[in-house]
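Take the sequence shown: its letters are residues 1 to 443, numbered as in the UniProt record's numbering. The beta-carbon is built from N, C-alpha and C at its ideal position, and this holds for glycine as well.
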Amino acid sequence: MNNENNLNTGSAQNAQDASASSTTQKSLSQWLSYLESIHPSAIDMGLDRVKAVANAMALSLSQSLVITVAGTNGKGTTCRLLEQAMLSQGKSVAVYSSPHLIDYRERVRYNGELPPANEFVDAFEFVENARKDTGGEPITLTYFEFGTLAAMKMMQLWAVDVVILEVGLGGRLDATNIIDPNLAVITTIDLDHQDWLGNTREKIAREKAGIMRKNGSAVVGELFPPSSLYDVANELQANVRWATQDFVTEVASDYSEWSWKGKSSSYASLPYPKIPLQNASTALAALELLDLLPEESVVRNIIENTTMPGRQQTISESPLVVVDVAHNPQATTAMQNWLNRYDVSRMRIVVGMLKDKSIAETLAPLSALNADWYVSSTSGPRGCNAEVLENALVNAGTTIENIKTFKNVTSAYQRALADYQTGELILVFGSFVTVADVLAEHN
Numbered sequence: 001m002n003n004e005n006n007l008n009t010g011s012a013q014n015a016q017d018a019s020a021s022s023t024t025q026k027s028l029s030q031w032l033s034y035l036e037s038i039h040p041s042a043i044d045m046g047l048d049r050v051k052a053v054a055n056a057m058a059l060s061l062s063q064s065l066v067i068t069v070a071g072t073n074g075k076g077t078t079c080r081l082l083e084q085a086m087l088s089q090g091k092s093v094a095v096y097s098s099p100h101l102i103d104y105r106e107r108v109r110y111n112g113e114l115p116p117a118n119e120f121v122d123a124f125e126f127v128e129n130a131r132k133d134t135g136g137e138p139i140t141l142t143y144f145e146f147g148t149l150a151a152m153k154m155m156q157l158w159a160v161d162v163v164i165l166e167v168g169l170g171g172r173l174d175a176t177n178i179i180d181p182n183l184a185v186i187t188t189i190d191l192d193h194q195d196w197l198g199n200t201r202e203k204i205a206r207e208k209a210g211i212m213r214k215n216g217s218a219v220v221g222e223l224f225p226p227s228s229l230y231d232v233a234n235e236l237q238a239n240v241r242w243a244t245q246d247f248v249t250e251v252a253s254d255y256s257e258w259s260w261k262g263k264s265s266s267y268a269s270l271p272y273p274k275i276p277l278q279n280a281s282t283a284l285a286a287l288e289l290l291d292l293l294p295e296e297s298v299v300r301n302i303i304e305n306t307t308m309p310g311r312q313q314t315i316s317e318s319p320l321v322v323v324d325v326a327h328n329p330q331a332t333t334a335m336q337n338w339l340n341r342y343d344v345s346r347m348r349i350v351v352g353m354l355k356d357k358s359i360a361e362t363l364a365p366l367s368a369l370n371a372d373w374y375v376s377s378t379s380g381p382r383g384c385n386a387e388v389l390e391n392a393l394v395n396a397g398t399t400i401e402n403i404k405t406f407k408n409v410t411s412a413y414q415r416a417l418a419d420y421q422t423g424e425l426i427l428v429f430g431s432f433v434t435v436a437d438v439l440a441e442h443n
């Protein structure tokens with residue numbers, strides 16, 4: 001199960017206690033099933049519970065350089081480039097990110113590799129004992145909170161040089177924010193998860209700014225920061241480097257290369273990255289602020305070779321298939337631009353989304369593409385019927401004859417493969433679960 005931030009609400013002390021049978025000798029899959037059962041809410045905003053359990057665990061990452069990365073889009077790829085740059089310098093690095101695509105272990109990387117299942121099992125057991133041993137009733141934890149604490153415990157035991165924490169939702173009240181970072185990075189700010197973060201960019205920016213600290217350091221990759229972000233930075237007297245002010249990019253007209261200029265370093269004729277360019281730029285700014293930029297030849301190599309599963313990922317050359325987890329308007333606007341790099345006669349677009357997303361606004365930037373659409377229903381409590389996507393596309397101007405509807409992503413993808421002709425591109429997007437279903441077809 002992919003647990004894409006599992007948006008629900010509530011509290012479940014009784015369910016948590018009732019489900020807490022013997023925790024010894026559970027497999028990783030058994031633990032994950034248990035974590036899904038003990039709190040019916042995927043989100044239960046607030047840090048008091050998580051902090052209490054962390055204290056009981058004697059959790060500390062003070063031995064590591066900690067970078068926390070928040071943002072609407074681009075968190076995972078920014079973390080990936082930071083990770084690769086640190087590894088290139090011989091540093092030990094641990095990364096925590098979410099959600100996963102295929103394997104839960106994707107949520108934690110240790111020196112670029114997925115840890116063995118038994119290390120997660122040991123960490124889950126440690127968290128479970130701690131939440132029951134805080135001096136009162138057992139403390140309830142959501143699936144995400146439980147996993148975050150376990151990941152941090154693993155990182156503490158590894159005593160790595162660098163810890164990179166990807167924020168799950170927002171920033172201020174996210175479980176990752178119990179740790180004070182040496183550097184806070186904010187990638188982008190757009191409308192997403194409005195029920196939790198607010199319905200304006202100003203409100204969302206203030207939530208994401210919650211990862212900044214008094215007199216701390218921060219990097220902001222958002223090209224058009226809301227005024228609230230400047231306000232928080234000023235209130236905290238933070239040392240912030242801003243995109244377009246402190247670091248800038250310039251892209252060749254044919255997207256073949258780009259240049260980057262920071263406060264004291266600059267690079268010309270860099271290879272165009274395989275991750276979103278602004279995220280690469282933001283990562284370079286973070287490395288510069290930390291005085292950890294590798295030498296230029298290494299920077300070029302990292303930018304050329306850094307990839308991230310599910311992000312602009314080519315999973316097949318013939319037929320040409322590209323998958324991307326884009327699921328909000330900012331991401332599909334960016335997608336409209338990077339799709340220009342593909343010289344193809346036509347696109348066949350497979351899309352499935354979750355009903356709590358801004359569906360019409362997300363699909364609109366792509367509605368005029370020269371494409372056939374294969375729109376799919378998604379399952380589960382957050383699932384969305386294909387007809388909702390079809391209506392959104394038609395309202396945005398897509399010809400209904402170019403849209404086919406399917407009951408599931410797999411059948412939509414199989415039909416796109418069957419229809420594919422040489423010189424075309426199959427694009428898959430809309431959700432982590434949509435991309436995961438297609439990746440499973442290739443495993």
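Count the other CB atoms within 10 Å of the CB of residue i; is the residue buried (16 or more) or exposed (fewer)?
i: H327; result: buried
i: R341; result: exposed
i: D437; result: buried
i: D174; result: buried
i: I302; result: buried
i: L101; result: buried
i: T176; result: buried
i: N370; result: exposed
i: K263; result: exposed
i: Y34; result: buried
i: N234; result: exposed
i: A268; result: exposed
i: S276; result: First, the amino acid is wrong: residue 276 is Pro here, not Ser. It counts as buried.
i: I38; result: buried
Return the CA-CA distance between residue i and residue j, expressed in angstroms with no decimal places.
i: I307; j: G135; result: The residue asked about is misnamed: residue 307 is Thr in this sequence, not Ile. Rounded to the nearest angstrom, the two C-alpha atoms are 45 Å apart.
i: P381; j: S266; result: 48 Å
i: I349; j: S253; result: 26 Å
i: M86; j: K203; result: 33 Å
i: V351; j: L293; result: 38 Å
i: L223; j: Q278; result: 9 Å
i: E424; j: E128; result: 51 Å
i: R311; j: V325; result: 6 Å
i: A360; j: V394; result: 10 Å
i: K357; j: F432; result: 12 Å
i: I416; j: A396; result: First, the amino acid is wrong: residue 416 is Ala here, not Ile. If I take the Cα positions, the gap works out to 22 Å.
i: I426; j: Y374; result: 10 Å
i: V162; j: N391; result: 47 Å
i: E4; j: P319; result: Summary for E4: the model assigns pLDDT 40, below 50, so the residue's position carries little reliability, and this model does not support an answer.
i: D419; j: N402; result: 13 Å
i: L389; j: T68; result: 34 Å
i: V428; j: G171; result: 29 Å
i: K208; j: A440; result: 33 Å
i: K26; j: T314; result: 36 Å
i: P225; j: I189; result: 7 Å
i: L339; j: E125; result: 45 Å
i: D48; j: V321; result: 45 Å
i: T78; j: I164; result: 10 Å
i: M212; j: S281; result: 20 Å
Does any residue of chain C have a CB that is nearer than 9 Å to the CB of residue i?
i: G397; result: In the displayed structure, chain C is absent; only one protein chain is listed.
Across which residues does DSSP place residue i in a beta bridge pair?
i: F247; result: A243
i: V95; result: R109 and I164
i: F429; result: V351
i: P294; result: According to DSSP, P294 bridges with nothing at all.
i: G383; result: L354
i: P271; result: E257
i: F406; result: S376
i: A371; result: M347
i: E317; result: L320
i: S266; result: K261
Considering only the beta carbon of each residue, do residue i and residue j sit closer than 9 Å?
i: T187; j: K274; result: no
i: K355; j: C384; result: yes
i: F146; j: S98; result: no
i: T398; j: S377; result: no
i: T142; j: R131; result: no
i: N111; j: A123; result: no
i: A184; j: A151; result: no
i: E166; j: Y104; result: no
i: L65; j: N239; result: no
i: R206; j: L236; result: no
Tell me whether residue i, by its Cβ, gets closer than 8 Å to a heavy atom of the ligand ADP.
i: K208; result: With respect to small molecules bound, the structure shown includes none, and the ligand ADP cannot be examined in it.
ask   = Are the stretch 329 to 336 and the stretch 409 to 417 touching, with three or more C-beta to C-beta distances below 8 Å?
value = Contact between the stretch 329 to 336 and the stretch 409 to 417 is absent, because fewer than three Cβ pairs lie under 8 Å.
query = Within the chosen definition, does the stretch 277 to 287 reach the stretch 69 to 89 through at least 3 CB pairs nearer than 8 Å?
reply = Taking a cut-off of 8 Å for Cβ pairs, the stretch 277 to 287 and the stretch 69 to 89 touch, as three or more such pairs fall below it.
ask   = Can at least three beta-carbon pairs, one atom from the stretch 145 to 164 and one from the stretch 60 to 69, be found at a separation below 8 Å?
value = Counting Cβ pairs under 8 Å, three or more are found: they touch.
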